[in-house]
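Number 7 in numbering that gives the first Met the number 0 belongs to position 8 of the sequence shown; there are no gaps in the numbering. Where a beta carbon is used, it is the ideal one built from N, C-alpha and C, also for glycine.
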Amino acid sequence: MIWPQETCAEGDEVLVVERQVSAQVRLRQLLQHAGYKASSVHVADGASDAMACLALRSFSLALVEVGSPHGQGCQLVAWLTQRHPDTAVIAVFVDGGDDEAVQALRAGARGCLLKERDDVELALALRSARRGGAPIDPFVAHRLLKGMNIPVTLSTEPVPVRESESSAGMLSSREIDVLRLIAQGFSNREIAELTGLSHFTVEGYTKAIYRKLAVRSRTAAVFEARSMGLLPP
């Protein structure tokens, strides 16, 4: 391994919902390099097993495979988001699973990780998630935006904002500022440090953004804002 191992705060528990044993082992190792203790990583091989684990303890992070048959992974993401809002949910899927990834984001997943990425990339993404970030592979994000019929362009021209949405004052200028920082992957605490606002004030702005955009996660808020022209693609 070529990255230093970090130390995770005591009590940070993570749940891995994954069917394949080889993937379970890999994610365990990556989580340890992201700072989680081996004893803090718990594995479930399906939705029912995951629910049984959640009945016994609380988790700060859940990695959920969303390519499972019958859409159980996405259903579990939605259930987790509603029943355990303090658990950050990251969807994990294989190349070609764009539909499942979009469904997971709409269900409330904070981010998506592509299994085919190398260990260094995934470990860095998991570190970001542990710190409150919303990690998502750039190429995956590109495919998701295309799948949601959001134009993706390399143009440097300013993106026009539709009159009916922006002029109506859906989001305040401060909320837009916070949303832009969210889109860059900053956590609420980091946004507070950058803007000079209190952590609680930033949380208030974030909740207002969720409410106004009718979403339940940071990633979904960014996608929705881009589709409405409130953020550049």
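Going by DSSP, L60 is part of the beta strand (DSSP E) stretching over 60-64.
Beyond the five residues adjoining it in sequence on each side, P134 comes within less than 6 Å, by CB distance, of G110, A124, S127, A128 in the same chain, given in chain order. Here the alpha carbon of L14 sits roughly 27 Å from the alpha carbon of F199.
Burial check for L55: the Cβ neighbour count within 10 Å stays below 16, so the residue is exposed. Scanning the stretch 22-103 from its first residue to its last, the whole beta strand (DSSP E) runs of 3-plus residues come out as 40-43, 60-64, 87-92.
A191 counts as buried, since no fewer than 16 other beta carbons sit within 10 angstroms of its beta carbon. For the 9 Å CB-CB criterion, E223 and Y204 do not form a contact.
Pairing F92 with A37, the inter-Cα distance amounts to about 23 Å.
When DSSP states are grouped into helix, strand and coil, G132 belongs to the coil group. In the structure shown, V15 adopts extended strand secondary structure according to DSSP, grouped into three states. Under the three-state reduction of DSSP output, L113 falls in the strand class. In the same chain as F185, and ignoring 5 residues on each side of it, the C-beta atoms closer than 8 Å to its own belong to G132, L193, in chain order. Taking V40 as the centre and dropping the five residues before and after it, the same chain places the C-beta of V13, R27, L30 closer than 6 Å to its C-beta, in chain order.
By the neighbour-count criterion, in which 16 or more other beta carbons inside 10 Å mark a residue as buried, Q71 falls on the buried side. One Cα belongs to E202, the other to N187, and the distance between them is close to 6 Å. Residues of the same chain with a CB within less than 7 Å of the CB of F58, apart from the 5 flanking positions on each side, are E12, V13, L14, T86 in chain order. Between the alpha carbons of Q19 and S216 lies a gap of roughly 27 Å. In the same chain as R130, and ignoring 5 residues on each side of it, the C-beta atoms closer than 7 Å to its own belong to S186, in chain order. Residue environment: R225 is assigned as buried (16 or more neighbouring CB atoms within 10 Å of its CB, all protein chains considered). In the three-state reduction of the DSSP assignment, A219 falls in the helix class, which pools H, G and I. Between A49 and V65, the C-beta gap is not smaller than 9 Å, which leaves the two residues out of contact. Around the C-beta of A103, 16 or more other C-beta atoms lie within 10 Å, and the residue is accordingly described as buried. Here the C-alpha atom of G34 lies approximately 32 Å from the C-alpha atom of A207.
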